[in-house]
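Quick notes on the structure that follows.
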Amino acid sequence: MPPDVNLEAHFEKNGKQMLTFLTYESVHTKSTDSLSEIVIPYPSYGHFLHSRERTLYTNPLQSRNIFILIPIGEFYYEHSKRYDLLRDVTTVTDASYDYFMEENINKTFECVQYITGECPQVITQYVIQWMQHSVFCLQPRGDTDSRKSFYDSVMSGCIPVIIPKSTNPYAFQDFIDYEKFSIILPFSYLDLGNESINDILADIPRYKVVSLHSNVRKIAQYLQYSISENEEVKEESDALQLIFMALSDRFKIPYDKKRLYNLHTNHDNEYD
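So the sequence shown is numbered by the UniProt record's numbering: it starts at 1 and just counts up by one.
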């Protein structure tokens with residue numbers, strides 16, 4: 001930039017074009033349409049420890065005895081449309097999975113509503129454990145379309161079911177095909193009279209459920225941030241790699257995408 005240019009005035013006039021924001025959810029509105037943003041994942045409670053890991057170890061499908069899990073907060077009832085999702089709930093609890101199963105040994109459950117607390121420690125100890133024993137995790141929108149819980153379910157190997165109000169709000173859609181590992185229902189599903197969520201998910205063929213579960217385990221590494229204890233590891237195959245990829249596309253910078261192992265694997269033919 002020429003030395004005689006007023007930097008403050010230049011930024012005031014061109015600032016939006018000069019900046020790219022990394023956001024946990026899209027902030028596009030009529031007043032911010034010109035903002036350049038890249039949606040990135042919320043940090044999850046699950047992490048890979050080194051780049052050699054290709055899939056996160058999670059419970060296999062056959063050991064998951066909860067078909068549908070709905071993890072929601074105590075104030076969920078204030079939203080009438082979302083409350084309609086609870087019409088298929090067969091079990092409601094705020095207990096830990098281990099404590100709950102002590103009284104329900106060898107039982108399976110069709111649709112469990114787990115009432116989450118507001119404390120992160122409770123979420124770490126209890127919600128993730130419930131997700132690790134569930135096949136599908138229902139992720140209805142809250143105050144916004146996206147939920148941190150979505151990324152926790154991915155890291156737990158629980159197939160996310162999302163109902164966005166408009167478009168899919170989650171990270172890296174230019175690189176990741178969400179239909180390979182999640183169920184996306186239209187927002188109109190929340191209207192009364194539609195088929196129950198239990199029936200919709202129960203109608204999915206078994207081979208498709210197996211494929212979704214296999215894929216969610218493989219893609220999980222790109223929707224979290226690794227914590228490596230190996231000082232020799234220079235590059236992790238995690239969300240940071242896709243952030244760099246998105247930035248390289250945005251600014252037309254060459255970037256080697258071939259090393260992103262699971263991202264380019266044909267997941268449809270790989271099962272547990």
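Cβ atoms here follow ideal geometry from the backbone N, Cα and C, with glycine treated the same way.
Name the two residues that bound the continuous beta strand (DSSP E) containing residue i.
i	result
L69	I66 to G73
I38	S36 to V39
L22	T20 to T23
Do you know offhand how far residue i's Cα is from residue j's?
i	j	result
I115	G73	6 Å
P41	Y170	7 Å
I188	S182	The sequence shown places Ser at residue 188, not Ile. Cα to Cα, S188 sits roughly 18 Å from S182.
L201	Q129	21 Å
D199	R141	21 Å
N65	P254	46 Å
S237	C137	25 Å
N194	F251	45 Å
K234	I243	Reliability fails at K234, whose pLDDT of 47 lies under 50, so the model's placement of it is uncertain and the value that follows must be treated cautiously. Approximately 16 Å, taken between the alpha carbons.
D225	S44	In the sequence on display, residue 225 carries Tyr and not Asp. For Y225 and S44, the distance between alpha carbons rounds to 8 Å.
G157	L19	35 Å
A220	I105	30 Å
F109	L247	44 Å
F172	I162	16 Å
S153	R147	10 Å
Under DSSP, the alpha helix (DSSP H) around residue i begins and ends at which residues?
i	result
I219	R206 to I219
L247	A239 to R250
L61	Segment: none, L61 is in no alpha helix (DSSP H) and carries neither H nor E.
L201	I197 to A202
In the DSSP assignment, what are the bridge partners of residue i?
i	result
Y114	P71 and T93
F109	I66
residue 274	Since the first residue shown for the chain is 1 and the last is 272, residue 274 is missing from the structure and cannot be characterised.
Nearest to residue i by CA position, among the options, is which residue?
i	options	result
T90	L242, P205, V210 and I197	I197
Y178	L22, H133, N106 and K218	K218
D145	P186, F67 and F21	P186
V127	I105, F100 and N194	F100
Y222	Q139, Q241, D94 and H133	Q241
L212	T93, T23, L61 and L22	L61
K208	S153, V135, M155 and S166	V135
A95	Q113, F109 and N106	Q113
H133	S36, F67, E25 and S214	F67
F150	K165, K180, S166 and M131	M131
V210	T93, T167 and K180	K180
I70	I184, P164 and C111	C111
L85	I159, Q139, N59 and D98	Q139
Let me see if you follow: with CB-CB separation under 8 Å, is residue i close to chain B or not?
i	result
A220	The chain inventory of the structure shown lacks chain B, comprising one protein chain alone.
**Asked** At what residue ranges does the region 122-159 contain a whole run of the beta strand (DSSP E), taking only runs of 3 or more?
**Response** 134-140
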